[in-house]
Each structure stands twice: as C-alpha cells, then as structure tokens.
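Asker: Under the numbering used here, the first residue of the sequence shown is numbered 277, with each subsequent residue one higher. The C-beta atom is built at its ideal place from N, Cα and C for all residues, glycine as well. This is the structure, below, for whatever I ask next.
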Amino acid sequence: MNAINTLSIGLIVTLAGSVFAAPEHTHQGHGINNQNTEKVHGCWGDAHGNLEGDVFFLPMDQEAREIMESVDRANRGFTDNRVDFVVVGDGYTAAEQDLFHTNANTIENSFFQYEPFKSYESYFRFTQVEVISVDSGVDNDPSQGINRNTALDMAYWCGGTERLLCVNVSKAYTHAAAAPDIDQVIAIANSSKYGGAGYSSSNLGTAAGRNSSAAQIAIHEMGHSLGDLADEYTYGGPTTYTGGELSAVDVSIYNRNEQLNQETKWHYWMDATTPGFDNPIDTYEGGSYSQFGVFRPSNNSMMRALGRPFNLVSAERLLRQIYLEVSPIDDGTPDGSTVSQSDVVWVTPMQPLSHDLQVLWYLDDELIVSAIQQDSLDLSTLGLDSGSHTIRVEVTDPTPWVRNEAIRTNRMTDSRTFTVDACTPVADFNGDGALNFFDISDFLNAFNAQDPAADFNQSGSFNFFDISGYLSAFSTGDCS
Ligand SMILES: [Zn+2]
C-alpha cells in the first residue's frame, strides 16, 4: 500500500468520526487533488449575497460510489424519465420530522423560482426521505468541539473551514436509496448556521435547513453538481489567473474578440438578452476565484451572487444535463414495434411549462405534414401501399435557450420507429382500406355493368368464375 492510499484511508476513518483533519492548501484549493479525492465547492454569501468560498478536496467515499452504481444498475432499462432530487435530513429527531419537511419544502419551492428549473419543473421529481437522528442539530454548531450523535454525521468546520458543511456521503446515499431513483442528493442539516458544500463527483449538495439563505446556496450548489458550472466570483484564488483554458462552460481565458474569432466557449451567445436570465451576455473580467485573466459570461449571475438568475450560458448547460436524465418522449408506442396498418401509434411528449416540444411524424423518411404536432397517428388514414413501411416520430425541444444545435440534436431529440407491413386486399374494391359489404356491392354493380374492373380473373369475359374468385379473395383477405 502506498503512502497516498494510507493517507486517504486514514482520512476516511476520521471522516466517519466527524473529526476533520485540516487538509493541505494547494494552488487550486484546499486539500489533496488526486484520484482518491473529490472536488468539493464551498460557497457562501456575504450580507449582500455576494459569494465567496473555495474549492476543497475531500477523500472520495468509495462506499457511496458503490451505492450510486447499484442504484444506477437497479434503474437500468427502467425509464423513470425525471431528474430525481432526493432530500435527506440530518440532526432531525423523530419529533422533528415535520420541521425536516418544512425545511425541505422551502428549498424545493425556491428551486422552481429560477430559470431554467421554473419552466422545466415537470422534468423533476423531489423525494423527501425521513432520516431520524438521536440528537437534534449537527456537529460544531454553533462552535467547534460540539459533537452530536446524528445519522449522517454532518458537521461544520469541515477541513478546518467554519462554513464548510460536510456529510458522510455513503450514509447520505444509504438513506437516499429509499427513493425511487437518485440523480442528485441534497443533505440538509437541522441548523440555522450559515454553510454548505457541493460534492462534484457524488452529485450531492449540503445546506443548513433553517438558514434563510439555505435554498439559495442549495441552488448555487446545484449549478456546480448538476451543471458542472464554475464559480464566477473573484475571491480565493490568485489575483491574476495565468493557467490554461478552464473546462467549465461559464468561464474562459478568452475575451470577447478571441471567443468570436476562435468560435469558442459562449461566442454564439454574445449580446444575447433573454428575460429570466442575467443579461446581456458578453465577457466580463473576473471569475473562477481570480480578478484578472478569466472572463465570465454575465455581470452578476447565480454563480457569482445568491438570489441572482443564472445566465444563458449556464442555462444551456443545465438543460443539456437535465436531458441526460430525461427523454423528450415520456411515453408512447414502444420503439421498434411492428404495428398493423389499422393501428393508431402514439407518443406523449414531455411538457415544459413554457412551450410545447416539436412532434414530427415521418412515413418512409418523408414528413407527414398533416400530422405535425399530433400526439397520435392513425395509420389507416395513410393509404399505405402493400409492403413494408417505416413510421418514425421525432420529438425535439425547440427552446431558444439552446443555441448549440449539437446539444439539441444529441440530447434534446428522441425518436421512435415502427414497422408496418401493409397489405392492400385484392378484394378492397373501392380502395378505402377496409373490406366490407360496400366492396361486394360495388363489385356486383361493376360486374352487372360489365366494367373491366369486375373481370376478376382477367379472362375477357364476365362469368361465374369472376364472382367466385372475388368472393374467395374477399373471405381470405389476400393481398396484392
Ligand atoms: Zn460555488
């Protein structure tokens, strides 16, 4: 076992005991950045809601990863088609479960006051899982050295930082696993002390359930954990950033002209102004903990100050991430079905509050104009020729909040394809797609009128064999 492994196991043991060794300070943040750690954002507002904080590296909780993977496995092939947020509480006794729900509801309701979550509320499912702790409150609240016996070991002063509110990630996941599915976990502490943390790899955020800013911090943390967004504030790092291009979509070392010339980062959003978001989009110097050498897309978004809207660059990214969990097709005739020409095939698109998704139907790759925006298609109306046909329905989110068409095509579009083996019965005399009395009646009238169409065996004469041949084809439903 090498030194790094020994160290990380040592830290895991101390984590379980809710006593946190002060991690080492590094250029990129606090703690040790390696494969056995995970990046944890700690971001807190001042009296004006302006954010500050830092990036920390805490030991990766291997058991939590195993629980996450087993939840994924259990849901494989089962499409619940929602982004599942699971809220668990720590430091809430059996008698305080109503308080837990009240605190969780506050966070949930606040979440849907911000775009793009507001318009896409129907894409989310919040589940509140009751977790009963022996003691009320969490560790180091209000001051260091106060220890409490709680179910999830939540604690302030994590990593030696007062407001960094940590949780035992595997215990949080063990309880969250009671929910139908887990995409994001929010662990709330029964506390009014300002604090929080966003675990980037574990898709988990913490918040103080009784703090008035808790909901705002939780939404900001979701920007990190759901959207992989960077902080757009300028405190905590070197004054001037001198490194390479940053990976997050909402920070860049390139200014406006460089982005436009290189067609990189948010060049296609430049000057955009859209209600509901922090506008206008440009390059504003300062972000990712440095005042200089880094640019952010808007002046003062949620990734910079609490209570502010996200900017469109971040919203586009959040929508992309939402569509990793949600198909635009919520339900419908199963993909790959073989259907008959008298069937009705159908689809239920997802329904944002703000707009309808685009629904297009294709017959053998040709758009069926009469079926645009229809939720179902009656195949008997298509007058299909005999033979095999392909029907495809394609559902796309046309939102103008996404301008990267690769995202729209790859993430925000889904289709289902059906095969129809069409048969035109020989005896369908009036060609209406159905075999019934009218066909016989029309055939006999044509026969009496010596219409060539009634020369069923094409013998050049009208006789008993034409009638018997026709009736035989009628009774068997033979196709041409
Ligand atoms: Zn942050």
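1. Taking 7 Å as the line, does the beta carbon of Leu-660 fall inside it for any heavy atom of ligand 1?
2. Which term fits Asp-640, buried or exposed, when burial requires 16 or more other beta carbons within 10 angstroms of its beta carbon?
3. How far does the alpha helix (DSSP H) with Ser-751 in it reach, from first residue to last?
4. To the nearest angstrom, how far is it from the Cα of Gln-535 to the Cα of Asn-576?
5. Touching or not, the region 503-523 and the region 332-344, by the rule of three or more beta carbon pairs under 8 Å?
6. Can you tell me where the alpha helix (DSSP H) holding Gln-567 begins and where it ends?
7. What's the C-alpha gap between Gln-404 and Arg-679?
8. Heavy atom of ligand 1 less than 7 Å from the Cβ of Gly-436, yes or no?
9. Give the range of the alpha helix (DSSP H) segment to which Gly-608 is assigned.
10. Starting from Asn-624, follow the beta strand (DSSP E) in both directions and report where the run begins and ends.
11. With respect to 7 Å, is the separation between the Cβ of Cys-319 and the closest non-hydrogen atom of ligand 1 below this value?
12. Any heavy atom of ligand 1 closer than 7 Å to the CB of Gly-329?
13. Under 8 Å, with one C-beta from each stretch per pair, do the region 562-569 and the region 497-508 reach the 3-pair mark?
14. Looking at Gly-365: is its Cβ nearer than 8 Å to the Cβ of Gly-485?
15. How about Asp-417 and Lys-469: do their beta carbons lie closer than 8 Å?
16. Do the CB positions of Asp-651 and Val-623 come within less than 8 Å of each other?
17. If I follow the unbroken beta strand (DSSP E) through Glu-406, where does it start and stop?
18. What distance in whole Å lies between the Cβ atoms of Phe-553 and Leu-588, which are believed to be in contact at a cut-off of 8 Å?
19. Apply the 10 Å Cβ neighbour rule to Gln-734 and answer buried if 16 or more other Cβ atoms are within range, or exposed otherwise.
20. When DSSP labels each residue in this structure, what does Tyr-638 get in the three-state scheme?
21. For Ile-408, which residues from the same chain have a beta carbon less than 6 Å from its beta carbon, with the 5 sequence-adjacent residues on both sides left out?
22. What do you get for Gly-499, buried or exposed, if any count of 16 or more other CB atoms within 10 angstroms of its CB means buried?
23. Tell me the residue span of the alpha helix (DSSP H) that contains Gln-460.
24. Straight-line CA distance for Thr-666 to Ser-691?
25. Thinking C-beta only, is Asp-742 closer than 8 Å to Thr-700?
26. DSSP three-state call for Tyr-399: helix, strand or coil?
27. Have a look at Val-445 and Met-344 and give me their C-alpha separation to the nearest angstrom.
28. Can the beta-carbon of Ile-462 be found less than 8 Å from the beta-carbon of Gly-481?
29. Which of the three DSSP states, helix, strand or coil, is assigned to Tyr-470?
30. Kindly indicate which residue of Thr-313, Pro-456, Asp-322 has the alpha-carbon position closest to the one of Phe-333.
31. Could you compute how far the alpha carbon of Leu-440 sits from the alpha carbon of Val-645?
32. With contact counted as at least three CB pairs below 8 Å, one residue from each stretch, are the region 671-687 and the region 601-616 in contact?
33. Alpha helix (DSSP H) containing Ile-716: first to last residue?
34. Note the first and the last residue of the continuous alpha helix (DSSP H) segment covering Gly-499.
35. Any heavy atom of ligand 1 within a distance shorter than 7 Å of the CB on His-543?
Answerer: In brief:
1. Counted from its first residue, the sequence shown places residue 660 at position 384. False, no ligand heavy atom lies under 7 Å from that Cβ.
2. Position 364 of the sequence shown, counted from the first residue, corresponds to residue 640. So Asp-640 counts as exposed.
3. As a position in the sequence shown, residue 751 is number 475, starting the count at 1. Annotation for Ser-751: the continuous alpha helix (DSSP H) segment containing it runs 740-752.
4. For the purposes of this step, residue 535 is taken as the residue at position 259 of the sequence shown. For the purposes of this step, residue 576 is taken as the residue at position 300 of the sequence shown. Their Cα atoms are separated by approximately 20 Å.
5. no
6. Counted from its first residue, the sequence shown places residue 567 at position 291. Residue range 566-572 is occupied by the beta strand (DSSP E) that includes Gln-567, with no alpha helix (DSSP H) assigned at that position.
7. To locate residue 404, count along the sequence shown from 1; it is residue 128. To locate residue 679, count along the sequence shown from 1; it is residue 403. Each residue's Cα considered, the two are about 35 Å apart.
8. Position 160 of the sequence shown, counted from the start, is the residue given in the question as residue 436. It does not: the Cβ of Gly-436 is nowhere closer than 7 Å to a heavy atom of ligand 1.
9. Your numbering for residue 608 matches position 332 in the sequence shown. DSSP places Gly-608 outside any alpha helix (DSSP H); the residue lies instead in the beta strand (DSSP E), whose first and last residues are 605-608.
10. In the sequence shown, residue 624 corresponds to position 348, counting from 1. This sequence places Thr at residue 624; Asn is not what is there. Here the beta strand (DSSP E) through Thr-624 covers 620-625.
11. As a working mapping, residue 319 is identified with position 43 in the sequence shown. Yes, the beta carbon of Cys-319 sits closer than 7 Å to at least one heavy atom of ligand 1.
12. Position 53 of the sequence shown holds residue 329. Yes, the Cβ of Gly-329 comes within 7 Å of a heavy atom of ligand 1.
13. yes
14. The sequence position of residue 365 within the sequence shown is 89, counting from 1. The sequence position of residue 485 within the sequence shown is 209, counting from 1. The answer is yes: Cβ separation under 8 Å.
15. Here residue 417 refers to the residue found at position 141 when the sequence shown is read from its first residue. Here residue 469 refers to the residue found at position 193 when the sequence shown is read from its first residue. Result yes, Cβ atoms of Asp-417 and Lys-469 sit closer than 8 Å.
16. Here residue 651 is taken as the residue at index 375 of the sequence shown, counted from 1. Here residue 623 is taken as the residue at index 347 of the sequence shown, counted from 1. Cβ atoms of Asp-651 and Val-623: closer than 8 Å.
17. Taking the sequence shown and counting its residues from 1, the one referred to as residue 406 is at position 130. Where Glu-406 is concerned, there is no enclosing beta strand (DSSP E), given that its DSSP letter is neither H nor E.
18. As a working note, residue 588 is residue 312 in the sequence shown. As a working note, residue 553 is residue 277 in the sequence shown. Rounded to whole angstroms, the Cβ separation of Leu-588 and Phe-553 is 5 Å, and the two are in contact under 8 Å.
19. Numbered from 1 along the sequence shown, position 458 holds the residue referred to as residue 734. Per the 10 Å Cβ criterion, exposed.
20. Along the sequence shown, read from residue 1 onward, the residue named residue 638 stands at position 362. The answer is strand: DSSP assigns Tyr-638 an E or B state.
21. The residue labelled residue 408 in the question sits at position 132 within the sequence shown. If we look at Ile-408 and ignore the five residues flanking it on each side, its Cβ neighbours are Ala-370.
22. Position 223 of the sequence shown holds residue 499. Label assigned to Gly-499: buried.
23. Along the sequence shown, read from residue 1 onward, the residue named residue 460 stands at position 184. Unbroken run through Gln-460 is the beta strand (DSSP E), 460-465; no alpha helix (DSSP H).
24. For the purposes of this step, residue 666 is taken as the residue at position 390 of the sequence shown. For the purposes of this step, residue 691 is taken as the residue at position 415 of the sequence shown. So the alpha carbons of these two residues sit roughly 12 Å apart.
25. The residue you call residue 700 lines up with position 424 of the sequence shown. The residue you call residue 742 lines up with position 466 of the sequence shown. Not a contact, by the Cβ cut-off of 8 Å.
26. Working through the sequence shown from its first residue, we reach residue 399 at position 123. Note: Tyr-399 maps to helix in three-state DSSP.
27. For the purposes of this step, residue 445 is taken as residue 169 along the sequence shown, with counting starting at 1. For the purposes of this step, residue 344 is taken as residue 68 along the sequence shown, with counting starting at 1. Our two residues, Val-445 and Met-344, have alpha carbons roughly 10 Å apart in a direct line.
28. As a working mapping, residue 462 is identified with position 186 in the sequence shown. As a working mapping, residue 481 is identified with position 205 in the sequence shown. Yes, the pair counts as a contact, with Cβ atoms nearer than the cut-off.
29. As a position in the sequence shown, residue 470 is number 194, starting the count at 1. Coil at Tyr-470, not helix or strand.
30. Locating residue 333 in the sequence shown gives position 57, where the first residue counts as 1. The residue with the shortest Cα to Cα distance from Phe-333 is Thr-313.
31. One-based indexing of the sequence shown puts residue 440 at position 164. One-based indexing of the sequence shown puts residue 645 at position 369. Here the alpha carbons of Val-645 and Leu-440 stand approximately 57 Å from one another.
32. yes
33. The residue given as residue 716 occupies position 440 in the sequence shown. First-last of the alpha helix (DSSP H) with Ile-716: 713-724.
34. Within the sequence shown, the letter at position 223 stands for residue 499. Looking at the DSSP string, the run of the alpha helix (DSSP H) that includes Gly-499 is 490-501.
35. Here residue 543 refers to the residue found at position 267 when the sequence shown is read from its first residue. No - ligand 1 has no heavy atom lying nearer than 7 Å to the Cβ of His-543.
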